[in-house]
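Comments concern the structure below.
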Amino acid sequence: MLHAIINASSADLFNSTFEESNKDNPYYLFSKHLANNIRNLTTLQFAQQTMFVKLSEFVLSLFPFLVTSTRFVKRANDISFVMADIFKNGLSCTGPEFNIDYSKVLVSQGNLPGGILVHVKASLSTIHFTWEHYKCSRTGQGSDKAILVAYCEALNKCIYTTWGARRQDEEAILEVPQFHGHTVQTWLSFISADGKQISKSTYTGAVKLSDYTGALYVT
Numbered sequence: 001m002l003h004a005i006i007n008a009s010s011a012d013l014f015n016s017t018f019e020e021s022n023k024d025n026p027y028y029l030f031s032k033h034l035a036n037n038i039r040n041l042t043t044l045q046f047a048q049q050t051m052f053v054k055l056s057e058f059v060l061s062l063f064p065f066l067v068t069s070t071r072f073v074k075r076a077n078d079i080s081f082v083m084a085d086i087f088k089n090g091l092s093c094t095g096p097e098f099n100i101d102y103s104k105v106l107v108s109q110g111n112l113p114g115g116i117l118v119h120v121k122a123s124l125s126t127i128h129f130t131w132e133h134y135k136c137s138r139t140g141q142g143s144d145k146a147i148l149v150a151y152c153e154a155l156n157k158c159i160y161t162t163w164g165a166r167r168q169d170e171e172a173i174l175e176v177p178q179f180h181g182h183t184v185q186t187w188l189s190f191i192s193a194d195g196k197q198i199s200k201s202t203y204t205g206a207v208k209l210s211d212y213t214g215a216l217y218v219t
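full-length UniProt numbering puts the sequence shown at residues 1 to 219.
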């Protein structure tokens, strides 16, 4: 039955209008690739398995942080909501492979202003975050606390703090000695001093824990 539904001729079903409207849709791109390579069903099975395992491992590593930073994530069942959001917005497709596009992953969501002119650099065991703060309401209160997040894909481990330096301090350091020698994905967010409001996270790039690396993200 699967052979009958998905076969090499399936690609003909996608007309030019549909193809143009879905050119950035990872589900469409993946389906199209499979339609052109359906003779090898192992590719389909392996790609699906790898995709879901990688995605679930990533979300599970973030779960303790998500419970703290995202109010609707309070039970293990809620992890399906987070996975669905990342599946929708944070996946990229290259040929038969899916990968997580960390730049599109939100580790926190809220209405508090995020970071401005964020810069990150890494040393042997720390990640140094800097940002700019202007004394006006649109950039948040100086008393807001920085949320620092680092994820190491190689170790499938997340290290974070939800009660870092104040926004007005314009810098904070996250200690990550376990990640020495590895490349990590990083995010910055803010939470109000009373803990009732949180900002949408800002992806601050990938850095390697070595002598020095850095990246500038203008938001």
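Even for Gly, the Cβ is constructed at its ideal location relative to N, Cα and C. Since this is a predicted model, take the numbers as computed values, not measurements.
**Study point:** Element boundaries [beta strand (DSSP E), containing residue 203]
**Key:** 202 to 208
**Study point:** Residue closest to residue 181, alpha-carbon to alpha-carbon, out of 115, 122, 203
**Key:** 122
Point to revise | the region 154 to 171 touching the region 201 to 211, judged by at least three CB pairs closer than 8 Å | key: no
Practice item. Would you tell me roughly how many angstroms separate the C-alpha atoms of residue 112 and residue 188, rounded to the nearest one? Key: 13 Å
Check your understanding: Out of 114, 184, 55, 102, which has the shortest C-alpha to C-alpha gap to residue 154?
Key -> 184
**Study point:** Test item: CB-CB of residue 179 and residue 146 under 8 Å
**Key:** no
Exercise for review: Compute the Euclidean distance between the alpha carbons of residue 118 and residue 64, then round it to the nearest angstrom.
Suggested key: 25 Å
Exercise for review: Please report the residue range of the beta strand (DSSP E) in which residue 185 lies.
Suggested key: 183 to 191
Practice item. Return the Cβ separation of residue 128 and residue 171 in integer angstroms, given the expectation that the two are a contact with Cβ distance under 8 Å. Key: 7 Å
Point to revise | Straight-line gap, residue 133 to residue 193 (C-alpha atoms, nearest Å) | key: 16 Å
Practice item. Would you kindly report the start and end of the unbroken beta strand (DSSP E) that includes residue 170? Key: Unbroken run through residue 170: none, as it is neither H nor E.
Check your understanding: To which residues of the same chain is residue 106 closer than 7 Å at the C-beta, ignoring the five residues directly before and after it?
Key -> 200, 201
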